[in-house]
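Please read the structure below before turning to the comments.
Numbering (my numbering), first residue to last: 6 to 333.
This is the structure:
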């Protein structure tokens, strides 16, 4: 079984590398390899637009999938997502504030909207942690309820901001909420790398503990797992990763819910194997989705969050009725 899992993970790595290598050539217009060396404009489009977009999509998809796997294990809920604790709502509210008050005009050289989104996401994370700490019960249920409360707070604030905004700002806010990977150059990718890398390293360290958390807190304690510390570190690592990804790409939904389930079907539930597989498959999945989104309605581009949402609904129904069938 372990050998089979290793083979599957190796195959996923090969597929991910192939997707990353092929995706930059596909777009509104297919770019041949010879054109890159002969045409300066094509070369600029390839290296400054398509390659950084593919790299950003892979890092975002892999990070969301890994965080989705963590939250599903911590909350022991197959429908948990990276946005369960209100990070997405906080980021959306922060981005809306930046758009509504025109902060990008005050500092045109700075990526103000992503910065506002990151601040909002971190504020949501801080509030969840503060509410959970004040309750003096850092249990899974308390953490989940605090996340739901914070999500409601920021969601209602976002509706209020949209009500105050004019047509232009309202359109910009709604467009950001759809999620999209529209980057130029490697700046956004470079911003995401340290956050995803740091969070990923912490999650990788605690991967063996996730198997014990799934069996229940009491059993995990009996096996020597410090449940409180493990949950805290995983919460911080996953939330920081999601904050960095959402700040750049917006709330791209359902990737973090779908990909862990697909990987679990192929590899089983052991998290030391499931973690790398989720990152590889999630990254390749979002790259493919973004490639389809920017070509299916060419010359226009569909936000990739719209495509993943369209896929997420049927997947949710499959998961619902599939589980019911298993129980019966």
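We put the beta carbon where it would ideally sit given N, CA and C, even for glycine.
Asked	Found
I'd like the span of the alpha helix (DSSP H) that includes residue 304, first residue to last.	It is not in any alpha helix (DSSP H) - residue 304 carries neither H nor E in the DSSP assignment.
Answer yes or no: does any C-beta atom of chain C fall closer than 8 Å to that of residue 235?	This model lacks chain C altogether, as it is built from one protein chain only.
How many Å lie between residue 262 and residue 49 at the Cα?	35 Å
Measure from the alpha carbon of residue 104 to the alpha carbon of each residue in 210, 225, 163, 208, then state which is nearest.	163
From the DSSP output, in three-state form, read off residue 49 for me.	helix
Between the alpha carbons of residue 129 and residue 249, how many angstroms are there, rounded?	13 Å
Would you mind stating whether residue 13 and residue 272 have Cβ atoms separated by less than 8 Å?	yes
Is the beta carbon of residue 47 less than 8 Å from the beta carbon of residue 28?	no
Report back the beta-carbon spacing between residue 91 and residue 133 to the nearest angstrom; my notes put them in contact at under 8 Å.	6 Å
Going straight from the alpha carbon of residue 189 to that of residue 52, what length do you get?	10 Å
Could you round the C-beta distance between residue 403 and residue 246 to whole angstroms and report it? I think they count as a contact, below 8 Å.	Residue 403 is absent from the model: the chain starts at 6 and stops at 333.
Distance check for residue 94 and residue 222, CA to CA, integer angstroms please.	29 Å
Can you give the Cα-Cα distance for residue 297 and residue 231, rounded to whole angstroms?	44 Å
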